[in-house]
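Colleague: Residue numbers (the numbering used here): 33 to 542.
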Ligand code: GLN
């Protein structure tokens with residue numbers, strides 16, 4: 033039954049509804065696939081086989097009794113390891129939270145469970161979602177299924193790798209500066225950062241609260257819309273949650289047409305610094321959309337140039353404040369130092385210091401120090417204050433661009449997947465991965481990434497990003513669905529069918 037893992041979530045859901053396959057069979061097929069290939073991919077930090085099969089059996093029972101179920105009921109899913117899951121360990125990729133088992137579910141998880149999606153396990157990530165490669169995970173990196181020597185993106189590389197390696201048809205990611213879209217781009221999968229406030233943050237380990245947003249990681253645009261509609265919508269437990277109906281996303285995909293849609297190519301997100309093959313696939317995709325009746329215009333967002341600098345002041349500032357809760361008293365790790373240099377035994381401060389020293393990795397420490405500095409008196413106006421002003425200018429650039437275009441488009445990332453180890457010692461090079469994705473987080477607007485093809489020079493996936501105004505998430509699904517259809521026609525099948533077989537997969541030596 034291993035072919036069950038090749039189906040889209042929507043396709044699998046149809047077979048479940050038709051009674052051709054049970055959720056237990058579908059869930060077991062994915063657990064088997066995880067058993068075969070995850071030794072090589074390392075997408076998962078924790079696999080909950082028993083829990084997933086119990087949930088699957090329950091859905092099968094309810095379906096057998098004729099209950100009316102959610103369209104995705106019975107389709108298994110993987111969840112990024114910073115989403116609180118009751119009874120299932122949640123580490124956020126950090127030693128500091130190793131062994132923490134949340135006593136409650138995040139709202140997203142409550143909704144997944146209520147709809148009957150068995151949770152396969154928790155996916156690997158850069159520590160506290162800081163990074164673009166999963167190399168900052170305390171538990172070792174994930175590998176890109178297209179080339180195991182390369183990064184699967186980050187911070188949510190585990191979710192993207194799981195979906196690209198057919199270990200899960202669906203996954204949940206979070207995107208603070210690009211952590212859903214950049215992994216999507218480099219693994220040939222679809223990733224969506226919803227409008228800020230569109231999906232509840234209740235129960236998510238916070239990185240930068242004004243930027244964080246959870247969303248779907250899938251292999252098709254329709255699957256992303258199905259999952260987005262399921263987890264999105266108002267949540268009274270999140271004070272930043274939008275208290276208004278979500279636009280119809282699945283309908284936007286199903287009836288998708290781009291006739292007369294104004295597509296704005298962002299001048300500042302392209303050109304120099306973007307890999308030739310990434311640019312070529314992007315230009316072809318824009319031509320395809322124009323051929324389908326879209327009106328293509330060029331727009332300029334001059335302040336995007338300062339977006340990266342502003343982001344790397346605002347994010348560390350918020351992170352330094354959010355991560356202050358890891359004080360060795362309330363959750364996770366507690367290290368008692370032996371030798372404290374005074375005779376009274378360790379004080380609370382000594383324990384806090386030793387715990388943070390041992391528990392946080394280098395990148396987390398770097399950002400805590402940077403953020404604390406940027407917020408300190410005397411420097412606050414010069415750094416944090418200036419960054420906030422730039423943030424406003426970026427939002428104004430979006431507003432002006434959306435006067436001239438219904439959606440904006442760009443390559444999702446400047447390059448295809450780089451090699452593991454290539455940038456891990458060069459933070460600035462690592463940060464540049466998010467140059468095209470982070471403006472959306474600064475402004476709170478939604479972004480979708482879908483594969484645009486393989487770059488000629490390395491044969492690796494490139495990504496196409498569609499951005500829409502806040503709360504108009506349906507627009508990016510409409511454009512994404514049309515482009516996906518045109519590209520599938522051109523390729524003659526899904527891009528991921530061209531990815532190499534993984535070691536451990538049936539018929540392939542481990
Ligand atoms: N790579 C970016 C960073 O390191 C984005 C992270 C994210 O979206 N969580 O901050």
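Where is the CB? At the ideal position from N, CA and C, for every residue including glycine. No experiment lies behind these values; they were computed from the predicted model shown.
1. Nearest CA to the CA of residue 155: which residue from 136, 46, 292 and 196?
2. Between residue 162 and ligand 1, is there a pair consisting of the residue's CB and a ligand heavy atom that are separated by less than 6 Å?
3. Out of curiosity, what's the CA-to-CA distance linking residue 222 and residue 287?
4. Please report whether the beta-carbon of residue 321 lies at a distance below 7 Å from any beta-carbon of chain B.
5. Looking only at its own chain, which residues have a Cβ that is under 8 Å from the Cβ of residue 34, when we skip the five neighbours before and after it?
6. Of all the beta strand (DSSP E) runs that stay within the bounds of the segment 239-320, which reach a length of 3 or more residues?
7. The beta strand (DSSP E) that contains residue 430, what's its start and end?
8. So does residue 96 have its beta carbon nearer than 6 Å to some heavy atom of ligand 1?
9. If you draw a straight line from the C-alpha of residue 399 to the C-alpha of residue 292, how long is it?
10. Secondary structure at residue 336, three-state DSSP: helix, strand or coil?
11. If you measure between the beta carbons of residue 20 and residue 413, is that distance less than 7 Å?
12. At a threshold of 6 Å, does residue 174 count as lining ligand 1 (C-beta to nearest heavy atom)?
13. Contact check, residue 282 vs residue 261 under 8 Å by CB: the rounded distance?
14. Assuming residue 347 and residue 243 make a contact with CB atoms under 8 Å, what is their CB distance in whole Å?
15. The alpha helix (DSSP H) that contains residue 140, what's its start and end?
16. Any heavy atom of ligand 1 within a distance shorter than 6 Å of the CB on residue 466?
17. Since I believe residue 234 is in contact with residue 270 (beta carbons under 8 Å), could you give me their beta-carbon distance rounded to a whole number of angstroms?
18. So is residue 308 buried or exposed if we call it buried at 16+ other beta carbons inside 10 Å?
19. Taking DSSP as the reference, what is the three-state secondary structure of residue 110?
20. Got a sec? Which residues, its chain only, sit under 6 Å from residue 178 by beta carbon, not counting five neighbours each side?
21. Can you grab the Cα-Cα spacing for the pair residue 49 / residue 97, in whole Å?
22. Anyone know if the C-beta pair for residue 470 and residue 296 falls short of 7 Å?
23. Going by beta carbon distance, what residues of the same chain come within less than 7 Å of residue 410, once the five residues before and after it are set aside?
24. Please name the residue or residues paired with residue 179 in a DSSP beta bridge.
25. Just to check, is the beta-carbon of residue 189 closer than 6 Å to a non-hydrogen atom of ligand 1?
26. Cβ of residue 208 within 6 Å of any heavy atom in ligand 1?
27. According to the neighbour-count rule (16 or more other Cβ atoms, all chains shown, within 10 Å of its Cβ), is residue 541 buried or exposed?
28. Starting from residue 498, follow the beta strand (DSSP E) in both directions and report where the run begins and ends.
29. Assign residue 361 to one of two classes, buried (16 or more other C-beta atoms within 10 Å of its C-beta) or exposed (fewer than that).
30. Classify residue 24: buried if its beta carbon has 16 or more other beta carbons within 10 angstroms, exposed otherwise.
31. Between residue 124 and the rest of its own chain, which residues show a CB-CB distance below 8 Å, the 5 nearest in sequence each way excluded?
32. Which ranges would you report for the alpha helix (DSSP H) in the segment 52-97 if only whole runs of at least 4 residues count?
33. So, are the CB atoms of residue 500 and residue 285 less than 7 Å apart?
34. Might you give, ordered along the chain, the residues of its own chain that have their beta carbon closer than 7 Å to the beta carbon of residue 181, omitting 5 neighbours on each side?
35. With distances taken between CB atoms, is the gap from residue 226 to residue 245 smaller than 7 Å?
36. Say yes only if the C-beta of residue 211 is nearer than 6 Å to one or more non-hydrogen atoms of ligand 1, and no if none qualify.
Modeller: On the basis of the data shown:
1. For the set 136, 46, 292 and 196, the Cα lying nearest the Cα of residue 155 is the one of 196.
2. yes
3. Whole-angstrom Cα-Cα distance: 19 Å.
4. No chain B is part of this structure, which consists of one protein chain only.
5. Residue placement at residue 34 cannot be trusted, given a pLDDT of 47 that sits under 50; the coordinates are not used to answer.
6. 246-250 and 294-298
7. Residue 430: not part of any beta strand (DSSP E); member of the alpha helix (DSSP H) spanning 418-436, first to last residue.
8. No.
9. If you take the alpha carbons of residue 399 and residue 292, they lie about 45 Å apart.
10. helix
11. The chain is shown from 33 up to 542; residue 20 falls before or after that span and cannot be answered.
12. no
13. Confirmed, about 6 Å.
14. Between residue 243 and residue 347 the Cβ distance is about 6 Å, and since that is below 8 Å, they are a contact.
15. 139-147
16. Remark: the shortest separation between the CB of residue 466 and any heavy atom of ligand 1 falls under 6 Å.
17. 5 Å
18. exposed
19. strand
20. The answer, listed in chain order, is 492 and 531.
21. 13 Å
22. Note that the C-beta distance between residue 470 and residue 296 is not below 7 Å.
23. none
24. 176
25. It does not: the Cβ of residue 189 is nowhere closer than 6 Å to a heavy atom of ligand 1.
26. yes
27. exposed
28. 493-499
29. exposed
30. Absent from the structure is residue 24, since the part of the chain shown begins at 33 and ends at 542.
31. Taken in chain order, the residues that qualify are 113, 114, 157, 159, 160, 161 and 237.
32. 55-73 and 81-96
33. no
34. 451 and 452
35. yes
36. yes
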